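First residue of the sequence shown? That's 13 in the numbering used here, and the numbers climb one at a time after it.
All C-beta atoms, glycine included, are put in the ideal place defined by N, C-alpha and C.
Values in this document were obtained by computation on a predicted structure and should not be read as measured data.
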Amino acid sequence: MSLPSNEPSAAAAIARSKLARLGRISQLAYVPDDFERSLRHWTEVMGAGPFLRIDHVKTTDGMYRGHPADIDFAAAVGFWGDMQIELIRQHSDVPSIYRDWKNAPDGDRLHHTCLTVDDLAQASEAARLGGLSIVQGGTLVGGTRFVYADLGDGAPAQYLEIAQVAQATREMMGWLLAASRDWDGRDPIRTPGA
């Protein structure tokens, strides 16, 4: 059975099906009400880690729903098997999908999954063609570029992060993944330069 190509909903469905082929799902991310408790849960209960914690991550060229928005937030990243887990806590009251999440009644559920891609512009366009709306984006120190697409109501996560990861960040995540494979539970939270 073929779908009619002139129907917007059919074209959007085809474009959405192609999102899975743009890159690999590399991360599950949360914006927990209690950042410290969530870190303890992931390291002590789930056995994920060690986590690399950066207390001030800042975006440049930030955008939120069409308006400039450079955000200052804390992030902790670790591995649970081969899956990267990210915890986020925004420091400022700058409008963002992280701040909006804190005001949601079910804020401790999965916030976003991350799709790592080689071409952010191409993947962003595929998301738009698939009917998704890009609501936030920016660049991290080191050059990683990203956007967030709103997945809409009923999705297991509210957002899909699409990221073109800079080489230095890829290397750091490779180191963290290797560290997780031999991790004995000691020093569960690490900071850069410590």
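Compare the Cα-Cα distances from W195 to each of D46, G59, I37 and report the closest residue. Within the sequence shown, the letter at position 183 stands for residue 195. When only C-alpha atoms are compared, the closest one is G59.
Out of S104, I174, K70, which one is the CA nearest neighbour of V129? Sequence index remark: in the sequence shown, residue 129 carries index 117 (1-based). Answer by Cα proximity: I174.
With DSSP as the reference, identify every bridge partner of H124, one or two as the case may be. Taking the sequence shown and counting its residues from 1, one reaches residue 124 at position 112. H124 is bridged to A41, Y171.
For M58, does the three-state DSSP call read helix, strand or coil? Looking up residue 58 in the sequence shown gives position 46. Note: M58 maps to coil in three-state DSSP.
Take G93 as the anchor and find which of A135, R121, G205, G186 has the nearest alpha-carbon. Taking the first residue of the sequence shown as position 1, residue 93 is located at position 81. The shortest C-alpha separation from G93 is found at G186.
With a CB to CB cut of under 7 Å and the five nearest residues on each side skipped, what residues in its chain are close to L40? Numbered from its first residue, the sequence shown carries residue 40 at position 28. Closer than 7 Å at the Cβ level, and outside the excluded window around L40, lie M95, I97, L122, T125.
Who are the Cβ neighbours of L132 in its own chain at under 8 Å, not counting the five residues just before and after it? Your numbering for residue 132 matches position 120 in the sequence shown. Taken in chain order, the residues that qualify are R157, F158, V159, I174, A175, Q176.
F158 - partner residues in DSSP beta bridges: One-based indexing of the sequence shown puts residue 158 at position 146. DSSP, once it has assigned bridges, lists G150, A175 as partnering F158.
Quick one: what's got a C-beta closer than 6 Å to A161's C-beta in the same chain, skipping five residues either side? Within the sequence shown, residue 161 is the residue found at index 149, counting from 1. Result list for A161: A139, L144, I146, L172, in chain order.
Can you tell me whether R65 is buried or exposed? The criterion is at least 16 other CB atoms within 10 Å of its CB, across all chains shown. In the sequence shown, the residue the question calls residue 65 occupies position 53. R65 is buried by the Cβ-count criterion.
Please list, in chain order, all residues of the same chain as A191 whose beta carbon is under 7 Å from its beta carbon, the five residues on each side excluded. In the sequence shown, counting from the first residue as 1, residue 191 sits at position 179. Within the same chain, A191 has close Cβ partners P62.
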